[in-house]
Amino acid sequence: MALEDSGKVLGIGHAGCGSHEAIGFVRARDALDAAIRGAGAGRKPLRDARFASFCLAGVDIQHDMVHVPKEMLEPILGGVAFLLKNDAFGCLRGGTRDPFGIMINCGSGQVAVGRNREGVEIRVGGYGWDFGDFGGGNVMTQSALAAVVRADDGRGAPTALLDLILQASGHATIPDFLEKAYRDGEYVRSLGIPRLVFRSSAAGDSVARSILKSVAEEMAVTANT
-11 MALEDSGKVL
-1 GIGHAGCGSH
9 EAIGFVRARD
19 ALDAAIRGAG
29 AGRKPLRDAR
39 FASFCLAGVD
49 IQHDMVHVPK
59 EMLEPILGGV
69 AFLLKNDAFG
79 CLRGGTRDPF
89 GIMINCGSGQ
99 VAVGRNREGV
109 EIRVGGYGWD
119 FGDFGGGNVM
129 TQSALAAVVR
139 ADDGRGAPTA
149 LLDLILQASG
159 HATIPDFLEK
169 AYRDGEYVRS
179 LGIPRLVFRS
189 SAAGDSVARS
199 ILKSVAEEMA
209 VTANT
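Okay, so the sequence shown: first residue is -11 according to the working numbering, each after it adds one.
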């Protein structure tokens, strides 16, 4: 988005994924370049911009703060000054009328950020299950898969998720499903298992409800932090 000093929107550009974690530095840089050019098409050259702000997915640790500017932003911007933050901060500012508040992003993973009235910022999570994030679609998927396998072999409680996941996958049995799913994470993600958890929970399935309850409690803990 290109803006005047007054805040008037001059143009909006669209492009593909801008996360270097997902598609690498080169493709992410090309996507950002396309979006920037789209926002400023037919207007002043980019070098005339006074400032640029980027809130990008995948900007998580100090390594990213060093290499994203070097590999992606500086080649595009030249000498234009810029600010770089995680995409969660963009969501916070875009979703609140005031420049303070709390934002929880619960998508495939989870991350939360907050800013108080004095401008002090905090980020909680956004690093994955191995590093303490127990909410989001990935966790729901893992929990649902564990529940159906355990229900199938007798270790766990019966759950309607078993039939829903088999129907979504087109397999007749859990062993058949595992032949495809065991080493193919992309295939598992394509099934949209979190939606099945919500559907099963709405129908009264206690296992699905326990999964959603766990995620909701994690979001509450995160917000209160």
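Beta carbons: idealized from backbone N, C-alpha and C, even for Gly.
In this text the structure is predicted, and so the values were computed from the model without any measurement.
Bridge pairing for residue 103: 89, 109 [DSSP]. Of the residues 185, 186, 157, the one whose Cα lies closest to the Cα of residue 172 is 157.
With a beta-carbon spacing of about 12 Å, residue 149 and residue 200 fall beyond the 8 Å limit used to define contacts.
For the options 44, 125, 39, the alpha carbon positioned closest to that of residue -5 is the one of 39. Of the candidates 146, 1, 56, 56 places its Cα closest to the Cα of residue 17. When the five nearest sequence neighbours on each side are left out, no beta carbon in the same chain lies closer than 7 Å to the beta carbon of residue 32. Under the three-state reduction of DSSP output, residue 13 falls in the helix class. Taking a 10 Å sphere around the C-beta of residue 98, we find 16 or more other C-beta atoms and assign the residue as buried. Restricting attention to alpha helix (DSSP H) runs no shorter than 4 residues, the stretch 124 to 209 encloses them at 125 to 141, 149 to 157, 162 to 169, 173 to 178, 181 to 190, ordered along the chain.
Per DSSP, the continuous alpha helix (DSSP H) segment holding residue 79 begins and ends at 75 to 83.
Taken in chain order, the complete beta strand (DSSP E) segments of 3 residues or longer contained in the stretch 21 to 61 are 40 to 44. A direct Cα-Cα distance of roughly 60 Å separates residue 141 from residue 68.
Contact between the stretch 111 to 118 and the stretch 82 to 89 is absent: fewer than three C-beta pairs spanning the two stretches fall below 8 Å.
For the pair residue 212 and residue 111, the Cα-to-Cα distance works out to about 12 Å. Looking at the DSSP output, residue -10 shares a beta bridge with -1. With a cutoff of 8 Å on beta-carbon distance, residue 80 and residue 105 are scored as not near each other. Taking each of 4, 178, 70, 23 in turn and checking the Cα distance to residue -11, the smallest one comes out for 23. Beyond the five residues adjoining it in sequence on each side, residue 137 comes within less than 7 Å, by CB distance, of 162 in the same chain, given in chain order. Here the alpha carbons of residue 85 and residue 209 stand approximately 24 Å from one another. Counting only the Cα atoms, residue 14 lies some 35 Å from residue 206. Between the alpha carbons of residue 60 and residue 170 lies a gap of roughly 35 Å. Residue burial is scored here from C-beta neighbours: residue 124 has at least 16 other C-beta atoms within 10 angstroms and is therefore classed as buried. Of 36, 7, 12, 25, the smallest CA-CA separation from residue -7 is found for 36.
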